[in-house]
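Taking it in order: structure first as structure tokens, then the write-up.
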Amino acid sequence: MSKLTLHIGNKNYSSWSMRPWLVLRKSQLPFTENLIQLDVPGFKDKLLALSDAGTVPVLQIGGDMLPDSLAISDWLSQAVPNLWPKDPKDKQRARALCKQMQTDFGEFREHAPMNLRRRTRTEMPKSCVEAAAKLDGIFASLLGEHDGHFLFGDWSIADAFAIPYATRFVSYNISRSNKTDTYISELMSDADYLDWEADAMVEVWKLPDTDLVYGGRS
Ligand SMILES: N[C@@H](CCC(=O)N[C@@H](CS)C(=O)NCC(=O)O)C(=O)O
68 MSKLTLHIGN KNYSSWSMRP WLVLRKSQLP FTENLIQLDV PGFKDKLLAL SDAGTVPVLQ
128 IGGDMLPDSL AISDWLSQAV PNLWPKDPKD KQRARALCKQ MQTDFGEFRE HAPMNLRRRT
188 RTEMPKSCVE AAAKLDGIFA SLLGEHDGHF LFGDWSIADA FAIPYATRFV SYNISRSNKT
248 DTYISELMSD ADYLDWEADA MVEVWKLPDT DLVYGGRS
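Mapping to this note's numbering: the sequence shown position 128 is 195, numbers consecutive.
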């Protein structure tokens, strides 16, 4: 197989980057990572030099560049078995949920940006709490439907897409059902997630605008 390099953003903040990084880890394919510091002078040119999307993550496969966290995950699922649920119906549902987690829940994402170092108890806006409650309902319903610790039973790409939301529930102290809370603990004690988090904790770069949302410490 061609050499794989995953181009990513800051580990503390880049939810989009964390997802395919975790999928790559679960795939057990060897890869190297190239971290590009976001929101500093010249960063956009570096992203545009990788792909027309002008965003990270980008998976470099030999000389080819593949942007977008879901496209990268799809590519990996073709290279390695069992990254999507085995049941064909569940596979479709898992993929649809990943798409939804990419595009929906905007109020949750906007008001509670991923910030792994962050812990705040400040009250969040109603629209954010409502969007989070909708996602909590989806998680709890899927967890109730399947045996196992994950959304579709065994670990799948859907769980990699859920992790940035899991960390937001914790960072911003947003209430959730017992089922979702247990699931969040499962995701956030995963060895691969903990490796990513450990790197995020020691990153020295800061995005002051993100750190100051709702005045919590970070
Ligand atoms: N749909 C894309 C979104 C990627 C994205 O927005 N990435 C952010 C990093 S967290 C980015 O590169 N932002 C830089 C910019 O938009 O200038 C994906 O799933 O990969």
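For each residue, glycine too, the CB sits at the ideal point set by N, CA and C.
Residue environment for D157: buried (at least 16 other C-beta atoms within 10 angstroms of its C-beta). K93 and N149 have their C-alpha atoms some 10 Å from each other.
Assigned with DSSP and collapsed to three states, I103 falls in coil, not helix or strand.
Here the distance from the Cβ of T122 to the nearest heavy atom of ligand 1 is below 8 Å.
Looking at the backbone, the Cα of R188 and that of A207 are separated by about 23 Å. Looking at the DSSP output, I75 sits in a beta bridge with L102. Rounded to whole angstroms, the separation of the alpha carbons of L117 and D135 is 12 Å.
At least 9 Å separates the beta-carbon of P97 from that of L143. Of the residues assessed, K166 falls on the exposed side of the cut-off, its CB having fewer than 16 other CB atoms within 10 angstroms.
Secondary structure at M268: helix, using DSSP grouped into helix, strand and coil. Residue pairing from DSSP places L126 in a beta bridge opposite L73 and L133.
Under the three-state reduction of DSSP output, R185 falls in the coil class, being neither helix nor strand.
Secondary structure at G215: coil, using DSSP grouped into helix, strand and coil. Residue pairing by DSSP places G220 opposite F217 in a beta bridge.
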